[in-house]
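Undergrad: Just dropping this structure here.
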Amino acid sequence: MGGSGTGSRAAGSGGTMSRRRLGARLLALGGVLILHAALPGQGAGAAGGGAAAERRALQGLRLRYGSARRAGLLERHLEGVAEEARRFLGPSPEHPYYAGAVVLAGRGRTVALHRAMGDAVRYADYDGRTDRPREFPAAERIAMAEDTVFDLASLSKLFTSILAVQQMERGLLELEAPVERYLREFTGGGKEAITVRQLLTHTSGLRSWAPFYQESTRAGQLRLLWSVRPQDTPGTVYRYSDLNLITLQLLLERLTGHTLDVLLQEEIAIPLGMHRTRYNPPLSWRRITAATEVQRPPWSGLDRGLVWGEVHDENAHALGGVAGHAGVFGTAWDLAVLSRTLLDGGAYAGRRILRPASVELLFTDFNTAFPGDDHGLGFELYQHWYMGAMATPHSAGHTGFTGTSLVLDPSTDSFLVLLGNSVHPVRTWRAGSAPRVATGNRFARAVPVRTRHGGPAWYSGMETGGSGTLTLPPLTPATDSARLRCAVWWDTVPGAGAFHVEASADGAVWEPLPFTTVRSTGGAPESWPQGSAGGWSGRIWHRLEAPLPGWAGREVRLRFRHGATGRYVGRGVYVDVVRVAEPARLLFSEDRPADAARVEAAGWTRSAD
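The sequence shown begins at 771 in our numbering and counts up by one.
In structure tokens, the structure reads:
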């Protein structure tokens, strides 16, 4: 991994506890009151951005449309976000990934991109034997619009989680309490050991799913849930499970005396002015709602024909359209409002739905025992597989089976919503999260990286599987006191991307050159004895220094090498202000035109952003 783990730790140094370390500490302490007391002061990367962001949120400021420049984004790459989303209206690789989509991106309180494309309603039917759809006549199709309402599918889990944390704030629900305390029927086979936290972080040990739609009565559906036994000892595995949030729904309804749809409206949608967010949208919304799947066996558990204006998920449909895991409908704008609320510590336009400390719980990794499955309370964290290069140790979000996704990045105060009807006409036409990754990569590129001098730096790029070298001309130090110094900024996928500093006597055989880095904001030096670093550097520049012992009187070539070996990439690597010096002599400086002209760049480019 070339030190990538240390690189990730760098983001939590400098006096601020990382969310991974915080999650481990909170688990050791337990108890919701202690949880809130244990939260440290919010740093630059924390959700809400501290007291200033909270003050702005309570001043009544709202989202507004504005230019890329006003949002602090690069217009060329921001437009590229829409281009990437549009690309998947075509063969992906054979069928369209979705019939249509709405993409929204913003930073701060500025929505700088909100674009609709394709069709909200295109297919009337689908023949599974021939894999052929029947399309509506052109005059009957409905084009996608910016305010099209979508079945948000598993994004519903985020609303259920927020509702649960609200009850924790009120002292009615304890994070580490057994679920059985609130749902007496939730017993048997080891379920007694399952805690509220384990439901929220998918570590309950329950299986992923159960066929509630096969039960014709509510009593039968409840018996099915009560009869489920954990597949694994609670707390020993991570397994994403709809049953966790269905259970949490029943818990909240028992605890509050209100159904989940009422809680959603009264506790989230109405206070935040999210007027197009609800369960079971009325029939009057149908023509502004994106159609989903033509449901017929065997690919669906139900034979419903074209599902349009009703929940797609079979279990949520059987549960009356109101379920903890699926069933919420909403628009891209409403999700932007939710994003802004959470990035501002739980308040929007003067209305508060969560305390800042509670938002921290949503964005804190409680799954430290399951690396790669980072999870806050309801929110998934640091997931390159759908966040793309927007993924950082602070990024939070979720996806939905119908083709929806939401990503928040507190480190850049930015948010990205991609809503597509990717199961229209049938779920088998798509696989994976390619549009989510593509738009996430391009939006990450739209957030500029600036040098202190305002000029360009050497940039590795963001190509999947990309590699490149940046090689200095041959140098001959006179003493063993020579040192390579530069500024460096990096963001790579842990374990699948890194940058390396190397030395060679002949330009053919290269060996690692150990170095240290110090954050530009201060702090203790970090050592990289293997000559490589990866992961996330905290979105700040570091000062790199590499001694050159043993090269006195010998010719040496130095280079930076970048490699991305996996399917996903981070924001890339920047190198700037490269110098090689010894006490009495400057051997190389890229500020000198003659030196700069001798740099050999393969795969690296000069970039001002």
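Just so it is clear, CB atoms sit at the ideal spot from N, CA and C, and this is done for glycine as well.
Taking contact to mean 3 or more Cβ pairs, one atom from each stretch, closer than 8 Å, check whether the region 910 to 930 and the region 1164 to 1179 are in contact.
TA: Result yes; three or more Cβ-Cβ pairs closer than 8 Å.
Undergrad: Which residues share a DSSP beta bridge with GLU1084?
TA: According to DSSP, GLU1084 bridges with nothing at all.
Undergrad: Looking only at its chain, what residues have a beta carbon closer than 7 Å to the beta carbon of GLY1342, apart from the 5 residues adjacent to it on each side?
TA: Excluding residues within five positions, the ones whose Cβ falls inside 7 Å are TYR1229, SER1230, GLY1231, MET1232, ASP1261.
Undergrad: Could you spell out the range, first to last residue, of the alpha helix (DSSP H) harbouring THR1209?
TA: Here the alpha helix (DSSP H) through THR1209 covers 1204 to 1216.
Undergrad: What does a CB cutoff of less than 8 Å around PRO1319 pick up in its chain, not counting 5 residues either side in sequence?
TA: These residues qualify, in order along the chain: ASP1250.
Undergrad: Skipping 5 residues on each side, what residues in its chain have a beta carbon closer than 6 Å to that of ARG832?
TA: For ARG832, where only same-chain residues beyond five positions count, the Cβ hits under 6 Å are ALA1119.
Undergrad: At what residues does the alpha helix (DSSP H) containing GLY870 begin and finish?
TA: Not the alpha helix (DSSP H): GLY870 falls in the beta strand (DSSP E), residues 870 to 877.
Undergrad: Can you give me the C-alpha to C-alpha distance between HIS847 and ARG857, rounded to a whole angstrom?
TA: So the two alpha carbons sit approximately 15 Å from each other.
Undergrad: Does the distance from the CB of ARG1071 to the CB of PRO981 come in under 8 Å?
TA: Reading off the sequence, residue 1071 comes out as Gly, not Arg. Yes, the Cβ-Cβ distance between GLY1071 and PRO981 is below 8 Å.
Undergrad: Excluding sequence positions up to five away, which residues of its chain have a Cβ less than 6 Å from the Cβ of ALA869?
TA: Counting only Cβ-Cβ distances below 6 Å, and skipping sequence neighbours, we find GLY888, ASP889, ARG892, ASN1191, HIS1194.
Undergrad: Buried or exposed, going by whether 16 or more other CB atoms sit within 10 Å of the CB of TYR1344?
TA: Burial call: buried.
Undergrad: Between which two residues does the alpha helix (DSSP H) carrying TYR1156 extend?
TA: TYR1156 -> alpha helix (DSSP H) spans 1154 to 1157.
Undergrad: Below 8 Å on the Cβ atoms is my contact criterion, and I expect GLY1094 with ILE1016 to pass it. Report the Cβ-Cβ distance as a whole number of Å.
TA: Going by Cβ atoms, the distance from GLY1094 to ILE1016 rounds to 5 Å, so yes, they are a contact pair.
Undergrad: Report the residue from TRP996, PRO1051, LEU942, GLY1097 whose alpha carbon sits nearest the alpha carbon of GLY1027.
TA: The residue with the shortest Cα to Cα distance from GLY1027 is LEU942.
Undergrad: DSSP state of ARG967, grouped into three classes?
TA: ARG967 falls in the helix class under three-state DSSP.
Undergrad: Can you tell me whether GLY990 is helix, strand or coil according to DSSP?
TA: In the structure shown, GLY990 sits in a helix (DSSP, three-state: H, G or I).
Undergrad: Taking Cβ to Cβ, would you say LEU1021 is nearer than 8 Å to VAL998?
TA: No. Outside cutoff.
Undergrad: To which residues of the same chain is TRP996 closer than 6 Å at the C-beta, ignoring the five residues directly before and after it?
TA: For TRP996, where only same-chain residues beyond five positions count, the Cβ hits under 6 Å are GLU955.
Undergrad: If the criterion is Cβ atoms closer than 8 Å, does the pair GLY1079 and ARG1046 meet it?
TA: For GLY1079 and ARG1046, no; Cβs fall outside 8 Å.
Undergrad: Per DSSP, ASP729 is paired with what?
TA: Because the chain in this structure spans residues 771 to 1379, residue 729 falls outside the shown range and cannot be described.
Undergrad: Mind checking which residues open and close the alpha helix (DSSP H) that includes PHE1185?
TA: Careful: PHE1185 lies outside any alpha helix (DSSP H), inside the beta strand (DSSP E) at 1184 to 1190.
Undergrad: Would you kindly work out how many angstroms separate the C-alpha atoms of GLY1238 and MET1157, rounded to a whole number?
TA: Approximately 24 Å, taken between the alpha carbons.
Undergrad: Check each candidate in ARG1289, THR971, VAL1263 and name the one with the smallest Cα separation from GLY1148.
TA: It is THR971.
Undergrad: Are the beta-carbon atoms belonging to ALA1378 and PRO1226 less than 8 Å from one another?
TA: Yes; because the gap between Cβ atoms is below 8 Å, this pair is in contact.
Undergrad: Are the region 1267 to 1283 and the region 1299 to 1311 in contact at 8 Å, needing three or more beta carbon pairs?
TA: A contact exists between the region 1267 to 1283 and the region 1299 to 1311.
Undergrad: From ALA816 to GLY1308, what distance separates their C-alpha atoms?
TA: Bear in mind that the predicted position of ALA816 carries a pLDDT of just 40, short of 50, making it unreliable; the figure below should be weighed with that in mind. ALA816 and GLY1308: Cα-Cα distance of roughly 12 Å.
Undergrad: If you compare alpha carbons, which of ALA913, VAL1107, LEU994 is closest to ARG1122?
TA: Among ALA913, VAL1107, LEU994, the Cα nearest to that of ARG1122 belongs to VAL1107.
Undergrad: Using DSSP's beta-bridge definition, name the partner residues of HIS1332.
TA: The partner list for HIS1332 (beta bridge, DSSP) reads GLY1238, PHE1269.
Undergrad: Please list, in chain order, all residues of the same chain as HIS1082 whose beta carbon is under 7 Å from its beta carbon, the five residues on each side excluded.
TA: Only ASP921, ALA923, THR1062, GLU1063, THR1172, VAL1193 meet the Cβ criterion.
Undergrad: If distances are taken between C-alpha atoms only, which option among VAL1007, THR965, THR957 comes closest to SER978?
TA: Among VAL1007, THR965, THR957, the Cα nearest to that of SER978 belongs to VAL1007.
Undergrad: Shortest alpha-carbon distance to PRO903 belongs to which of ALA871, ALA894, ALA909, TYR1152?
TA: That would be ALA894, whose Cα lies nearest to the Cα of PRO903.
Undergrad: Please report the residue range of the beta strand (DSSP E) in which ARG1313 lies.
TA: Counting along the chain, the beta strand (DSSP E) containing ARG1313 begins and ends at 1312 to 1317.
Undergrad: How big is the Cα-Cα spacing for ALA1159 and CYS1256?
TA: Rounded to the nearest angstrom, the two C-alpha atoms are 24 Å apart.
Undergrad: Please tell me whether PHE1213 and ALA875 are closer than 8 Å, where the distance is taken between their beta carbons.
TA: Yes; because the gap between Cβ atoms is below 8 Å, this pair is in contact.
Undergrad: Considering only residues of the same chain and omitting the five flanking positions on each side of GLU845, which have a CB-CB separation below 6 Å?
TA: ALA838.
Undergrad: What separation, rounded to the nearest whole angstrom, lies between the Cα atoms of LEU976 and ILE1040?
TA: Cα-Cα distance, rounded: 33 Å.
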